[in-house]
Structure formats: C-alpha cells, structure tokens
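Quick notes on the structure that follows.
In the working numbering, the protein residues as written are 938 to 1028.
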C-alpha cells in the first residue's frame, strides 16, 4: 500500500476516533444534565410538600390554640378577619 494512502487512512481513523470520543462525552454530559434536572425537580416537589405540610400544621395550630405562638400569628396576620372593632382599637 502506498505510504501516503496509509498515512491518510491513519489520519482519517484518528479523526473518527476523536469524533466518537467527543460524541460519547457529549452523551454522558447530556445524561448527567438530565439526571440533575430530575433530581432538582424531585427536590422541589419534596420542598413544596414539606412547606405545605408546615403551613397546614401552623394554620391548624392558629385555629385550635387559644394562645398560638407569635411566629404563627405573624405568618397569618393578613388572613385574620379585620372588623370595625379592630380598626377602632388600632386608632
């Protein structure tokens, strides 16, 4: 075989191997990114569920307790019903 042809074929093989390696690397990066997105979505769902549970517990405590803790009252102060008597007491 002609040495120039052999050299050319070797270069082509090296280039193909390099492209395959780059393709594998890109696929791996895509898989890692997809996995990270799934984990972040799962974490958001867990956080959302925990917050909802926490708020529900505090709201239940506000309704059922004669003397709820101050942080609970602060959290729900805007949702408490304001009456004319309340407005008169504030002024």
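Don't be surprised by glycine CBs; every beta carbon is placed ideally from N, CA and C. Since we're looking at a predicted model, the values are computed, not measured.
Separation of residue j from residue i, as counted between CA atoms
i	j	result
residue 942	residue 975	49 Å
residue 1021	residue 988	33 Å
residue 1025	residue 991	33 Å
residue 981	residue 948	49 Å
Proximal residues to residue i (C-beta, below 7 Å), its chain only, five neighbours per side dropped
i	result
residue 1009	995, 998, 999
Cβ of residue i within 8 Å of any chain B Cβ
i	result
residue 1016	In the structure shown, chain B cannot be found, because there is only a single protein chain.
Neighbourhood of residue i by C-beta, 8 Å cutoff - its chain only, sequence neighbours within 5 removed
i	result
residue 946	none
Contact between the segment 982–1002 and the segment 1011–1025 (3+ Cβ pairs under 8 Å): yes
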